[in-house]
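**Student:** Chains as they are written, first to last, in our numbering: chain A, 641 to 1205; chain B, 14 to 562; chain C, 5 to 365; chain D, 2 to 345.
All residues carry an ideal CB built from backbone N, CA and C; glycine is no exception.
Since the model is a prediction, treat every value here as computed from it, not as a measurement.
Just dropping this structure here.
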Amino acid sequence: MTATQNEESRLAIRELDVHFATDGGDVHAVDGVSLEVAPGEILAIVGESGSGKSVTARSVLGLLPETAEASGAVIVSGTDLVGLSQAQLRAMRGEDVSMIFQEPSSAMNPVFPIWWQLGEGLRAHRPKITKKEIRAEAITALESVGIPDAAERIDRYPHEFSGGQKQRIMIAMALTLGAELIVADEPTTALDVTVQAEILGLLRDIRERTGTSIIVITHNMGVVADLADSVAVMFQGQIIERAGVRELFANPREEYTQKLLAAVPHLGRNSAWTALEPAQQEALTAAEPVVVAKDLVIEYPGRMGKPAFRAVKGVDFEIRAGEVYGLVGESGSGKTTIGRAIAGLERTTGGSLSVLGHEMNGMREKAFKPLRRRIGFVFQDPATSFNPHLTIEQCIAEPLVVHEQQLTPAERGKRVRDLLEAVELPGRYAERYPHELSGGQRQRISLARALVLEPELLVADEPTSALDVSVQATVLDLFRELQTRLGFAALFISHDLAVVDSLAHRIGVLFRGDLVEDGHGPDVLQRPTHEYTRKLIASLPVPDPVEQEKRRAAFQAEWGSGTPG
Amino acid sequence: MFDAAFTPRRRAVLISMAGVPVLLSACAQTTEDGGGGSGGSDDGGGGTMTVGTTDKVTALDPAAAYDNGSSTVWTQCYGYLLSVAIGSEDGRPEPDLAESAEFTSDTVYTVTLKEGLTFANGNELTTEDVKHTFDRQLTIADPSGPSSLLGNLDSVEIVDDLTVEFHLKEPDDQTFPYVLTSPVGPIVDAEVFPADAVLPDNEIVAAEAFSGPYNITSWKINELVTYEAFADYQGLYGTPATSSVVMSYYADQNNMKLDIQEGNIDCVWRSLSATDIADLQGDDGVTVHEGPGGEIRYIVFNFHTNPYGEKTEDPDPAKAKAVRQAVADLLDRAAISETVYNGTYTPLYSYIPEGLPGSGTQFQDLYGDGSGGPDADRATKRLEDAGVEIPVQLSLQYNPDHYGNSSGDEYAAVKNQLEADGLFAVDLQSTEWVQYSEDRVSDVYPAYQLGWFPDYSDADNYLAPFFATENFLGNHFENAEVDELIATQRGTQDPAEREALFVQIQDLVAEEISTLPLLQGAQIAVSTAEVQGVTLDSSFKFRVSPISK
Amino acid sequence: MTSVLETEVEDAPRRSRKRAPGGGLGRYILVRFLLIIPTIFILMTMVFFLMRITGDPLTAALGGRLTPAQLAERRAEAGYDRPLIVQYFDYLGGVLRGDFGTTYSDNTPVSEVLTTYGAATFELVMYALVVALLLGVPLGMIAARTRDRWPDAVLRIIAILGYATPVFFVGLLLKLVFSVGLGWLPVAGRLSTEGQISMSTILNPTPFFLLDALRLGDMELLGDVVRHAILPAVALGILTGGIFLRLVRTNMIGTQDMQYIESARSRGVAERRLTTRHALRPALIPIITVMGMQVALMLGGAVLTETTFEWNGLGYMLAEYMKARDYVAVQGIVMMLAVIVAVSNFVVDVVAALIDPRVRY
Amino acid sequence: MTLSNPEPIGEGDPAEADLAAEASAVASRRSTPWYLRLPIISHLRSSVGLQRGMLITGVVLVGILLLTALCAPLIAPYGFADTSADGTRFGTQQPPSAAHLLGTTVTGFDVLSRVIWGTRTAVAVMACAVAASLFIGVALGLLSGYVGGWLDRLLVMVADAVYAFPSLLLAIVMSIVISGGQSNAWGGIAAAAISITVVFIPQYFRVIRAEVVRLKAEPFVEAAKVVGTGHRRIMGTHLLRNATRTLPLIFTLNASESILTLAALGFLGFGIEPTSASEWGYDLNRAMADATSGIWWTGMFPGLAIALAVLGVTLVGESINDLNDPRLRTRRARRKTPRKQVTA
């Protein structure tokens, strides 16, 4: 590499190696990574969990924990970070390179007002700055990221802002010192998709306005397609492919990249409803409903005289036998609450909810118990939905122990092994403990447990949102296959429209406790009747830079770019 | 160090702000008496004498308490009709506020008051107050009060301003004069104390309803009480040697001991551990005063439940008696006195302690080696003769928190002595006081520790409460002859005749061993070297009056 | 508090982690105080029965000298032979009428017991708290800063020894060194006898000696008060200071790993400032919560310190009253302790709310 | 004393490194034999540097304590209640000598023997107290946390009330109630243990209840509920085993507190009769007068014994606490490897 290239690039990483000392021995997290970022370039580093993408990003700021050891070179604006003293690193952080974190609420100090936190960076680099100057800069900074009434709101505390606003403020903080390189670690993962679109817009706008280089760490191919100029794909601590965004999506070279791209659900490309034969469609439409909600209301009692919180505000829908009903909504929309109510984990407070012919409003546990064997439930987080002290066999056999006490342990064992086979796991896994399995494997086990009693109804609450894309794809495939084979009705809850569309025969869109849309996949996606649905669809980035560019243009035309002004 | 530098200045402060007129008049007296005092503090005017104690006060109203701590306060601030003179060797009551007192008939005890008696508040002290005092005790009969001492009092009649008659139920009760010196005896002001209710401490102090050598000027219960000499006191104790006295209450004897060693206080009255006393005896800066003690320690046998007792599986009075006697044979009181108490408790060989008429050596003569030492062979023979199985299983109880924490050592020693020759196997247990008090009268303990502090210094107080049929021990000892003898001595006027009866009673009981006397506690006070006049006598009361520095 | 709401409402706009603000501060205070009532009632019931099934004040006082018949008669007079439950309602009735009674063992109104001894304990605890804070907080911060290096280890061992050594043993050592050996400080008590006498001349005395000495403007007396306070305050302060040290250290370290610290670090804020400004205030909230509880517990728990140093306070007197089965006194003191615990909890919450903007009302 | 500290505010977001560590921990857990996974042993293995030093110091002190208790009859030169041997009296308050290495007490007991035998009492009380409070506290906490409703509210209120009661004074009352004030060896030990138990139950109760309330909302418990698993099975299989995660820590902290409480009871005179068992607090109480009279040996050694025993147990407890808490744990620093040469 030549010196000129060095000067041109904002960041050059050479042969970066990072080791971690852990209880289980050394972990080689980053293995000989080299990359460069040009001024004004937005580079996306993509990869699945454990690929070393976050560690690489943090080493750009010298923010590795004490147990880590880095070697190689990280050259930011001409200075090699590796081996710099703490004081030198400090001088550089903020001024040359800055960072945006995944979870804006935990990245801000909850007990200090915004202006103070923003001022801490300024104060660190300009010790003589006055309070007045800080406040003035804070107002400018907040205005530049589109926070209205900035002058008043700089005195507020983080918890008084919404998640999207917090992330805007984080971006403002990263920008105040004029850093020319920003590392954004999963900046939109914790946000709803409509907010995500705004934040992505903001980042793009910042690049346009200031020429800042941005490194985006993400696992979301839609985000990559929407934002990045170029992409680095990481796998097991190495960069295996580095290309421009269009080229990568059009012609992925590596097999891993191809698999990764193939695994991403693409909105509207493989609708589950259209995949059905007309006869099947008719049969489904005519089937008996297993779940009927009429004006369903669910409230949480308020404490100490506070008014009750109404999570579900009068919702009507049906789930027919053999049908997969997809429920989509953002956080707080009440989708999980409905799922839990169907499984008898939540009390309904108004209207009517009939599950398998049983009225849930005012239900008694004793009366409902026999029905429980006819309902399966898959939880969102595979890490916590298993008792860590039980083996896989015990976990899966739990429903059998409860409902089919006549079975001998041997029979039970056989059922478990059969099921493991059905979810494509080796039978020997029966003796293992949940923590010994990967997330995807655990979610398969979760599916097996839900299906062990051959239920007529399955409630799946965001079963794949905690999984990596490629794992998600295989789990979804398995789900689809099992559903087809066993023919159970299912309520599939997700925040991801693309996932729901690929799986559900009918889709309901929830918005703040109201069901604003209800219909077959293509109808909802192509002819949305509600404003919210249209925005939801429009703000979902598709994993195709070319198509996404068009969609973005359309989105901005209708809802604006999310930038100030 | 700190005290020497600190004291004079503060004294000055004290004088300058003290609103106590008596203080100045009392100065002259104290400097005269306390001429030998060292240190510069005497020059500053009247020396205040500080007395430390670990006793607890319950109440200032004599109707409301029945304990040593309260009684010690009353002794200083109330007048009694009769009291025991300072330095008395036989503990006989002498007229105090009374001019004279005598039986004027079998059942009438007539007391004549001195003329011109007043309370510290100026109220006259007349026979009306006397009647009020005793009527009030009987009316209130406070559960925590001493009214039970007046069991023999029928009524109090006023003859004139100076003469009052006590009408008794039983004739010729020789203990009655003693009762008048007891905790039930303080004369209180009829104009201040209500006839049917206990008066709170602060109101008594505020009303200055005191008739004793001292007037209480400030009262912080169980912390600090200050006394000033009462100028018009005409009683037996005479004018106090020190006009200004402070009584300081300690929770922990170690702190009190350190304070007297450092000279922060002048005198200590009750209670110091044997170790402390031994240590203080070796300290030139302080003097340890000892006097005959009225306090006794003994082991009670429950006649129902002691080995072979009436209610055991194998009742046999002869064997039971042999066991009790064998215990008496084996005890080495002198050793316990020395090793556990460093001589602060002395061996007690009869029921009536040394210093009172009738005190004898029954347990020295009848048991052991004849001179107070143990005799295992004699015990063995006694047990074998009676056919008792050896070793005898004996459950022994003591209480660790009521009689000082040396009780543990004392009974560890008793256990060792009984077991030394293999004659006994002792199961030694201790029990917290309240439970102990309930258990001991419920026949739970076959043999147990108890102590006694007399109400008044008459030998009867060591016999009647213990061995009369209705006794407080409740150990089922009954002996008609003893009962009769106790009744007889009460009505016997002649001292020598009465003393012979005391001996006779003790001889009888010592044979049966209802209780086994162990130790007699010396009265012990400690003072700094310059303090004079500490007098511990057969009254068994601590009086501040004669002390000076 | 139950976590039902937090976990079951699917990530509804982030709720405050403490409690949902409801109906303003006034209402909150009211509810907090109403909650003390059942606690006090339970304590009262507990104390009554525990004290009374183990005996009565009369037996405690006179068990060694009255005949069983006399004792029984007196017990009957005092009403102790009635069924316990009757006596309980009797007592309860008195309390409801606002009559807390007079102690049996020293004939003092309970209110007076509370003010006198309560003030003594309060004074001791305040002194000890000063010592504990002076020791615990800075040393805890040093330990957190030098984490896992030798100053940390030394400080932690000292802290553990501070609360591993029984206070009576520490007290004994202190007394032997500073009073007996060096003669610098008094052995025990709150005042020398002369100090007590000058104190007793004050008109309208407050129960607080330090306050009175200041009011009097008598420097000798003030010195006397302070000198007497040093050893007990140090003995109790070492104990509590050790706990504080550990608390501060743990929370400082815990807070330093928070992402907002990392975030500030990524903007170039110096490590020292991260510790002293960014981490300290969030760490203070749990520290203050625990410290508040600690102080409340100290008020009733200083029995051993009070006994060792002749400091006539609540704890010491409570032990004495228990021995005497003086349940009226015990009851009064225990109730006051319960109120103190409740009030300190409340104060702690208010202080925490002042620091933590998320729980403001 | 507080057992665990409330978390500082702000979401505890495990750093990337912790995730990496967890992954490898999963890998390593599988291969370690069961005995290496036992509480203290696994902690020992995962500790480094000073933390390890402190843990080892604690373990050694506790080991000495337990060993002494076990072998007391072999080690102690005399019995705890002996005041004479072979017919000769020891004498009281004798300074340390060849016959009595640590001197004799005011009663004439051999101080060294008392200190050694005292370990038995301390260990017995510690074991009984901790075991009893563990069982009762855990059972109540489990029930209260799981059942909820009025039962929960009532139990919490009672626990809070007991908590507001000064613990030592509660122990005193309980010791009187339980033993009737009597104090033979086992009666005394049992009384002390039970009184300490009563004091500790609310602590266990609180911890377990909080844990159960947290776990109740965990998906794996809900999963069991969805399936229709009965209450008893949910409590026994799913909640109990997961709620006891923090117990080793409370266990050790309470063990140290029980030694202190026992000593305090003995010191205040509610302890065990000295000829029934040897107890340090009682000996220290009796030694208070000695100390001010220049007899230092009777108090110094029981006092040191208490301090060291508590120090040992506390060190173990605190180390476990630190090691269980990812925020407080020190990790092994990586061995320095020669920096890779950057090829220009």
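Can you tell me which of the three DSSP states residue 330 of chain B falls into?
**Tutor:** Residue mapping note: residue 330 of chain B aligns to position 317 of the second sequence, counting from 1. Three-state result, residue 330 of chain B: helix.
**Student:** For the region 770-801 of chain A, list every residue whose C-beta sits within 7 Å of some C-beta in chain C, in sequence order.
**Tutor:** 797 and 799
**Student:** Suppose you measure from the CA of residue 316 of chain B to the CA of residue 452 of chain B; what does that come to, to the nearest Å?
**Tutor:** Indexing the second sequence from 1 puts residue 316 of chain B at position 303. Indexing the second sequence from 1 puts residue 452 of chain B at position 439. A direct Cα-Cα distance of roughly 15 Å separates residue 316 of chain B from residue 452 of chain B.
**Student:** Going along chain D, which residues have a C-beta under 7 Å from residue 632 of chain A?
**Tutor:** Outside the shown range of chain A, which is 641 to 1205, sits residue 632 of chain A, and nothing can be said about it.
**Student:** I need the straight-line Cα distance from residue 214 of chain B to residue 330 of chain C, nearest angstrom please.
**Tutor:** The residue labelled residue 214 of chain B in the question sits at position 201 within the second sequence. The residue labelled residue 330 of chain C in the question sits at position 326 within the third sequence. Distance between the alpha carbons of residue 214 of chain B and residue 330 of chain C is about 18 Å.
**Student:** Helix, strand or coil, according to DSSP, for residue 929 of chain A in the structure here?
**Tutor:** In the first sequence, counting from the first residue as 1, residue 929 of chain A sits at position 289. Strand, per DSSP.
**Student:** Tell me which residues share the same chain as residue 19 of chain C and place their Cβ nearer than 6 Å to its Cβ, disregarding the 5 neighbours each side in the sequence.
**Tutor:** Numbered from its first residue, the third sequence carries residue 19 of chain C at position 15. Confidence at residue 19 of chain C is low in this model, with a pLDDT of 34, below 50, so its placement is unreliable and the value that follows should be read with caution. So the list is empty, once near-sequence residues are dropped.
**Student:** Quick one: give me the first and last residue of the alpha helix (DSSP H) that residue 164 of chain D is part of.
**Tutor:** The residue you call residue 164 of chain D lines up with position 163 of the fourth sequence. Start and end: 150-165.
**Student:** Quick one: using the 10 Å Cβ neighbour count with 16 as the cut-off for buried, is residue 138 of chain C buried or exposed?
**Tutor:** As a position in the third sequence, residue 138 of chain C is number 134, starting the count at 1. Exposed is the label assigned to residue 138 of chain C, since fewer than 16 other Cβ atoms lie within 10 Å of its Cβ.
**Student:** From the DSSP output, read off the bridge partner residues of residue 280 of chain B.
**Tutor:** Here residue 280 of chain B refers to the residue found at position 267 of the second sequence. The partner list for residue 280 of chain B (beta bridge, DSSP) reads B/64 and B/540.
**Student:** Start and end of the beta strand (DSSP E) containing residue 124 of chain B?
**Tutor:** Working through the second sequence from its first residue, we reach residue 124 of chain B at position 111. From DSSP, the beta strand (DSSP E) with residue 124 of chain B extends over 121-126.
**Student:** Check this for me: beta carbons of residue 137 of chain D and residue 202 of chain D, under 7 Å apart or not?
**Tutor:** Position 136 of the fourth sequence, counting from 1, holds the residue named residue 137 of chain D. Position 201 of the fourth sequence, counting from 1, holds the residue named residue 202 of chain D. Result yes, Cβ atoms of residue 137 of chain D and residue 202 of chain D sit closer than 7 Å.
**Student:** Please specify which runs of the alpha helix (DSSP H), each continuous and at least 4 residues long, are wholly inside the region 936-1010 of chain A, giving them in chain order.
**Tutor:** With a minimum length of 4 residues, the continuous alpha helix (DSSP H) runs that stay inside the region 936-1010 of chain A are 975-982.
**Student:** Compare the C-beta of residue 232 of chain C against all C-beta atoms of chain A and say whether one is closer than 7 Å.
**Tutor:** Walking along the third sequence from the start, residue 232 of chain C turns up at place 228. Chain A contact via Cβ: absent.
**Student:** For residue 152 of chain C, would you say it is in contact with chain D, using Cβ-to-Cβ distances shorter than 7 Å as the test?
**Tutor:** Within the third sequence, residue 152 of chain C is the residue found at index 148, counting from 1. With 7 Å as the cut-off, residue 152 of chain C counts as an interface residue toward chain D.
**Student:** Closest to residue 824 of chain A by C-alpha separation, out of A/699, A/762 and A/720, would be which residue?
**Tutor:** Counting from 1 along the first sequence, the entry for residue 824 of chain A is found at position 184. The shortest Cα separation from residue 824 of chain A among A/699, A/762 and A/720 belongs to A/699.
**Student:** Among A/778, A/977 and A/1083, which has the Cα closest to the Cα of residue 1118 of chain A?
**Tutor:** One-based indexing of the first sequence puts residue 1118 of chain A at position 478. Answer by Cα proximity: A/1083.
**Student:** Anything in the region 153-183 of chain D with a Cβ closer than 7 Å to a Cβ of chain C? List those residues in chain order, please.
**Tutor:** 158, 159, 161, 162, 165, 166, 167, 168, 169, 170, 173, 174, 177 and 178
**Student:** Compare the C-beta of residue 967 of chain A against all C-beta atoms of chain C and say whether one is closer than 7 Å.
**Tutor:** The count along the first sequence starts at 1 and reaches residue 967 of chain A at position 327. Answer no: the Cβ-Cβ gap between residue 967 of chain A and chain C never drops below 7 Å.
**Student:** Mapping the DSSP letters down to three states, classify residue 794 of chain A as helix, strand or coil.
**Tutor:** Here residue 794 of chain A refers to the residue found at position 154 when the first sequence is read from its first residue. Coil at residue 794 of chain A, not helix or strand.
**Student:** Would you say residue 195 of chain D lies against chain C (beta-carbon separation less than 7 Å)?
**Tutor:** Mapped onto the fourth sequence, residue 195 of chain D falls at position 194. No, residue 195 of chain D lies away from the interface with chain C (no Cβ there is under 7 Å from its Cβ).
**Student:** Looking at the strands, I want to know which residues DSSP matches up with residue 654 of chain A.
**Tutor:** Taking the first sequence and counting its residues from 1, the one referred to as residue 654 of chain A is at position 14. Per DSSP, A/713.
**Student:** Could you tell me if the beta carbon of residue 207 of chain B falls within a distance shorter than 6 Å of some heavy atom in the ligand MN?
**Tutor:** By its list of ligands, the structure shown contains no ligand whatsoever, and the ligand MN lies outside what it can speak to.
**Student:** Which same chain residues, not among the five before or five after residue 547 of chain B, have their C-beta less than 7 Å away from its C-beta?
**Tutor:** The residue given as residue 547 of chain B occupies position 534 in the second sequence. The residues are 280, 302, 538, 540 and 560.
**Student:** Candidates A/905, A/1036 and A/804: which alpha carbon is nearest residue 829 of chain A's?
**Tutor:** Position 189 of the first sequence holds residue 829 of chain A. Of the listed residues, the one whose Cα sits closest to residue 829 of chain A is A/804.
**Student:** I need the straight-line Cα distance from residue 1166 of chain A to residue 1061 of chain A, nearest angstrom please.
**Tutor:** Working through the first sequence from its first residue, we reach residue 1166 of chain A at position 526. Working through the first sequence from its first residue, we reach residue 1061 of chain A at position 421. The alpha-carbon atoms of residue 1166 of chain A and residue 1061 of chain A are separated by roughly 38 Å.
**Student:** Can you list, in chain order, the residues of its chain with a C-beta nearer than 6 Å to that of residue 26 of chain C? Leave out the 5 residues immediately preceding and following it.
**Tutor:** Here residue 26 of chain C refers to the residue found at position 22 when the third sequence is read from its first residue. With a pLDDT of 42 at residue 26 of chain C, under the threshold of 50, the modelled position of this residue cannot be trusted; read the value that follows with caution. Same-chain partners within the cutoff: there are none.
**Student:** Which full runs of the beta strand (DSSP E) of 3+ residues lie inside the region 382-455 of chain B, going along the chain?
**Tutor:** 405-411 and 437-443
**Student:** What are the residues of the region 414-436 of chain B that lie near chain D, defined by any Cβ-Cβ distance shorter than 7 Å?
**Tutor:** 414, 418, 421, 422, 425, 428 and 429
**Student:** Any beta carbon of chain G sitting closer than 7 Å to that of residue 741 of chain A?
**Tutor:** Absent from the structure: chain G. Protein chains present are A, B, C and D.
**Student:** Mind listing which residues of the region 97-119 of chain D have their C-beta closer than 7 Å to chain B's C-betas, in chain order?
**Tutor:** 107, 108 and 109
**Student:** Would residue 270 of chain D count as contacting chain B if we go by Cβ distances under 7 Å?
**Tutor:** Within the fourth sequence, numbered from 1, the residue matching residue 270 of chain D stands at position 269. Yes, its Cβ sits closer than 7 Å to a Cβ of chain B.
**Student:** Does the Cβ of residue 117 of chain B have 16 or more other Cβ atoms within 10 Å, making it buried, or fewer, making it exposed?
**Tutor:** Mapped onto the second sequence, residue 117 of chain B falls at position 104. By the neighbour-count rule (16 or more Cβ atoms within 10 Å), residue 117 of chain B is not buried but exposed.
**Student:** If you drop the 5 nearest sequence neighbours on each side, which residues of the same chain put their C-beta closer than 7 Å to that of residue 304 of chain D?
**Tutor:** Counting from 1 along the fourth sequence, the entry for residue 304 of chain D is found at position 303. Cβ within range, chain order: 285.
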